[in-house]
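Note sheet for the following structure.
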Amino acid sequence: MTLRVYAIAYLIFLYAPIVLLPVFAFNDATIIAFPLSGFTTDWFSQLLTTQALHRSVQNSLYIACITAVLSTILGVCAARAGAMYNFPMKRSIIGLVMIPLVLPEIIVAVSLLVVAIQILDMGLSNWTVIAAHVLICTPFSIAILNGAFQNLDPSMEEAAMDLGESRWSAFRLVTLPLVMPGIVSSMLIAFTISLDEFIIAFFLTGANPTMPVYIWGLLRFPASLPVVMALGTILVSMSIVLLTIAEILRRRGMARVGVKDKGGFL
Amino acid sequence: MWAKLTATEARRGLLMISPPLIYVLIMLAFPIGAIVLFSFWTQDFMTLDTTFTLQNYREIWAQPIFGALLKRSLFVSGCVTAVTVILAFPVAYFVSFHVKPSRKSLWLFLITIPFWTSYLIRVFLWKVILGYNGVVNSGLVGIGVIDEPLTFILYNVNAVIITLAHAFAPFAILPIFVALEKIDRSLLEASQDLGESKFSTFFRVTLPLAMPGVVAAVLIVFIPTIGDYVTPELMGGAGGKLVANMIQTQFLALNNAPLGAALAIVAMLCVTAISLMFVALNRRWLRGRS
């Protein structure tokens, strides 16, 4: 009983900042503080007319879509290799691929910055951000896809090959449909991470900032804070929807290959 | 050629793992090698001096500011880790032992959602909560607990610790939860049948078996927190800046990438050394229980 109260209090602690977002997004005052003064939707209409914001959102969407696809492709390779094959040094290779999950992001950021600017002498662009985002999203994709590939019976593909399919079409016709929910779920998670990532993007973003970098710029100006709250409200609602879809698909995928759901995807 | 590559299971497996492996080698191993090399060079205004020197490391050793920042960073990361893991354990325990199996995923989902939502804005909202006219202060003044708004909760190290502990909460809960789920429930019954109280069963059976999860949680919180510069920048004020802020300044504002690289490597080495020590101290819990 006490534990349940504690767990609920903990959830309140986790959600406290997010709950405040809509409160200030609809509050008719430029200062983000209590007491509230009145209801307004002005901050949302300001979002519609800010050109710089639109450009940064487009940029971020572009980066996030490409990151989602690439990291999921890499994730499928790693999850499939991990679940269906035995090969030398398997544990250390998979450990190496998962390392970006625990590496401080600033290390990834500065090392890629040095390579891009000083060693390759190329400019920063959306592609430098994508390269880094794929690196940090792949471990998350692998973690999600592991759930989909585990307990997938390798003999099903073998049966398809015995019946005359090639290795690739056996994968495409038998395995792919079974792991499809996991793939979509992995893409949604990678998309959400990339869209929200700031620490690395701040170092590697080119002439056009990504959305979090643009928000970071806004945070310095007190006058623009209510607009940030409005933007945050939209982003949070959007990511909750995406994550809910990802979770439903992840569970469906696990049910499809007959794995008992053991909880979250980490 | 292709037939040869796919001849055995081991080769097929290696072929399959090679795209992510090559990506990590090119995008991580090679760049980290590059900053290690870089840290032995020096910046001479606009030009890079590529003669090998330990000057950056000597400067970090000699100037007290770097040592102080590093110590503060490690202290903050340590506190964040302790707070996060201690607060998270009972929640993981609750979800694993007291929630119906069918509801477990829902709980975990609710716990992870805030983790995925706009990091920058979440950090900023803590400023709103802890600020001079913030939620905590106006609430406490409103109900008459305090007369003056509290000032020790924003623009200092405390604020940084609270915010980071919030940001990393799910990271701590999930590994502990996984370890608790693996515990064979009949062991707990056996312990109580043999006369242990619920309390001593927890400390002599459950906790030792959950230690691999606790160790994983500690590492997964401690290591990344050292690399965060957003929270100290927004919440730390003048006295709450950390080593990641200094690395960022050296790279982006002062244009002294070699010193920044050396600082990043020193920070990384400290974190790795402490993590290895922590794992070594806990090795009796980790051995042969996987």
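Here the protein sequences come in this chain order: A and B. If you're matching positions, the first sequence starts at 24 in this note's numbering and goes up one per residue. If you're matching positions, the second sequence starts at 6 in this note's numbering and goes up one per residue. The beta-carbon is built from N, C-alpha and C at its ideal position, and this holds for glycine as well.
What does residue i touch in chain A if you count any residue whose Cβ is under 7 angstroms from its own?
| i | result |
| --- | --- |
| Glu64 of chain B | Those do not exist, as Glu64 of chain B stays about 17 angstroms from chain A at its closest Cβ, beyond 7 angstroms. |
| Ser78 of chain B | The premise fails here: Ser78 of chain B is roughly 10 angstroms from chain A at the closest Cβ pair, so nothing lies under 7 angstroms. |
| Asp54 of chain B | Here the premise fails: no neighbours, minimum Cβ distance about 13 angstroms. |
| Leu193 of chain B | Under the 7 angstroms cutoff, chain A gives no residues; its nearest Cβ is about 16 angstroms from Leu193 of chain B. |
| Ile252 of chain B | Ile129, Val133 |
Distance cutoff 8 angstroms, beta carbons only. Does residue i sit that close to anything in chain B?
| i | result |
| --- | --- |
| Asp65 of chain A | no |
| Leu227 of chain A | no |
| Tyr237 of chain A | no |
| Glu128 of chain A | yes |
| Thr17 of chain A | Shown here, chain A extends from 24 to 289; a query on residue 17 of chain A therefore has no answer. |
| Asp185 of chain A | no |
| Asn109 of chain A | yes |
| Arg27 of chain A | yes |
| Ala52 of chain A | no |
| Ala230 of chain A | no |
| Arg279 of chain A | no |
Establish whether the CB of residue i and some CB of chain A are separated by less than 8 angstroms.
| i | result |
| --- | --- |
| Tyr160 of chain B | no |
| Ser123 of chain B | yes |
| Phe5 of chain B | Any question about residue 5 of chain B goes unanswered here, given that chain B covers just 6 to 295. |
| Asp189 of chain B | no |
| Arg288 of chain B | no |
| Gly245 of chain B | no |
| Val271 of chain B | no |
| Leu33 of chain B | yes |
| Met21 of chain B | yes |
| Ala15 of chain B | yes |
| Phe283 of chain B | no |
| Ala266 of chain B | yes |
| Val96 of chain B | yes |
| Leu212 of chain B | no |
| Pro217 of chain B | no |
| Ile91 of chain B | no |
| Ile166 of chain B | no |
Got a sec? Which residues, its chain only, sit under 6 angstroms from residue i by beta carbon, not counting five neighbours each side?
| i | result |
| --- | --- |
| Met210 of chain A | Ala91, Thr95 |
| Thr161 of chain A | Ser94, Leu97, Gly98 |
| Leu248 of chain A | Ile55 |
| Phe163 of chain A | Ile212 |
| Asn50 of chain A | Leu59 |
| Leu126 of chain A | none |
| Ile159 of chain A | Pro123 |
| Met121 of chain A | Pro162 |
Per DSSP, residue i is paired with what?
| i | result |
| --- | --- |
| Phe62 of chain A | A:Asn50 |
| Asp189 of chain B | According to DSSP, Asp189 of chain B bridges with nothing at all. |
| Thr52 of chain B | B:Asp49 |
Using a C-beta to C-beta distance shorter than 8 angstroms, which residues of chain A count as neighbours of residue i?
| i | result |
| --- | --- |
| Phe45 of chain B | Those within 8 angstroms of Phe45 of chain B in chain A number zero; the least Cβ separation is about 13 angstroms. |
| Asp233 of chain B | Pro127, Glu128, Ile129, Ile222 |
| Ile279 of chain B | Those do not exist, as Ile279 of chain B stays about 13 angstroms from chain A at its closest Cβ, beyond 8 angstroms. |
| Ala249 of chain B | Pro127, Ile129 |
| Phe256 of chain B | Val133, Leu136, Phe226 |
| Phe99 of chain B | Leu26, Arg27, Tyr29, Ala30 |
| Pro119 of chain B | Leu37, Tyr38, Pro40, Ile41 |
Identify the contact partners of residue i in chain B, using a Cβ-Cβ distance below 7 angstroms as the criterion.
| i | result |
| --- | --- |
| Ala39 of chain A | Ile134 |
| Glu270 of chain A | Phe114 |
| Asp8 of chain A | The question about residue 8 of chain A has no answer here: the residues shown for chain A are numbered 24 through 289. |
| Ala104 of chain A | Gly18, Met21, Ile22 |
Which residues in chain B have a C-beta closer than 9 angstroms to the C-beta of residue i? List them in chain order.
| i | result |
| --- | --- |
| Phe214 of chain A | Those within 9 angstroms of Phe214 of chain A in chain B number zero; the least Cβ separation is about 11 angstroms. |
| Gln141 of chain A | Ala39, Phe43, Leu53, Ala262 |
| Gly255 of chain A | Thr122, Ser123, Leu125, Ile126, Arg127, Phe129, Leu130 |
Go through its chain and collect everything with a Cβ distance to residue i's Cβ below 7 angstroms, but skip five positions before and after it.
| i | result |
| --- | --- |
| Phe226 of chain A | Ala132, Val133, Leu136 |
| Glu180 of chain B | Checking the sequence shown, residue 180 of chain B turns out to be Pro, not Glu. Gly218, Ala221, Ala222, Ile225. |
Which residues in chain A have a C-beta closer than 9 angstroms to the C-beta of residue i? List them in chain order.
| i | result |
| --- | --- |
| Pro229 of chain B | Leu124, Val125, Leu126, Pro127, Glu128 |
| Phe173 of chain B | Result: empty, since nearest Cβ-Cβ is about 11 angstroms, beyond 9 angstroms. |
| Pro154 of chain B | Under the 9 angstroms cutoff, chain A gives no residues; its nearest Cβ is about 11 angstroms from Pro154 of chain B. |
Taking residue i as the query, report the chain B residues whose CB atoms sit under 8 angstroms from its CB, ordered along the chain.
| i | result |
| --- | --- |
| Arg114 of chain A | Residues of chain B passing the Cβ test: none, with the nearest at roughly 11 angstroms. |
| Thr251 of chain A | Correcting the residue type first, residue 251 of chain A is Val in the shown sequence and not Thr. Here the neighbours are Ile126, Phe129. |
| Leu44 of chain A | Ile126, Leu130 |
Quick one: residues in its chain with C-beta nearer than 8 angstroms to the C-beta of residue i, no 5 flanking neighbours on either side, listed in chain order?
| i | result |
| --- | --- |
| Leu4 of chain B | There is simply no residue 4 of chain B to check, as chain B begins at 6 and stops at 295 in what is shown. |
Practice task
Report yes or no: do three or more beta-carbon pairs, one from the stretch 79 to 95 of chain B and one from the stretch 226 to 242 of chain B, lie closer than 8 angstroms?
Solution key: yes
Exercise for the section: State whether the stretch 225 to 233 of chain A contacts the stretch 144 to 156 of chain A, with contact taken as three or more CB pairs (one from each stretch) at a distance under 8 angstroms. Expected result: yes
Exercise for the section: Please confirm if the stretch 191 to 209 of chain A is in contact with the stretch 163 to 178 of chain A, defined as three or more CB-CB distances below 8 angstroms between the two stretches. Expected result: yes
Problem - Inter-stretch contact at 8 angstroms, needing at least 3 Cβ pairs: the stretch 34 to 42 of chain B / the stretch 245 to 258 of chain B - result: no
Handout entry: Contact the stretch 282 to 291 of chain B vs the stretch 61 to 70 of chain B: 3+ CB pairs below 8 angstroms
Key = no
Practice task
Would you check if the stretch 156 to 164 of chain B and the stretch 106 to 123 of chain B touch, i.e. whether three or more CB-CB distances between them fall below 8 angstroms?
Solution key: no
Practice task
Spell out a yes or no on whether the stretch 35 to 52 of chain A and the stretch 170 to 181 of chain B are touching, meaning 3 or more CB-CB pairs, one atom from each, closer than 8 angstroms.
Solution key: yes
Exercise for the section: State whether the stretch 95 to 108 of chain B contacts the stretch 236 to 245 of chain B, with contact taken as three or more CB pairs (one from each stretch) at a distance under 8 angstroms. Expected result: no
Handout entry: the stretch 263 to 273 of chain B / the stretch 43 to 63 of chain B touching (three or more Cβ pairs under 8 angstroms)
Key = yes
Exercise for the section: Check whether the stretch 248 to 268 of chain A touches the stretch 174 to 194 of chain A, counting contact only when three or more Cβ pairs, one atom from each stretch, lie closer than 8 angstroms. Expected result: no
Problem - Contact between the stretch 135 to 142 of chain B and the stretch 181 to 192 of chain B (3+ Cβ pairs under 8 angstroms) - result: no
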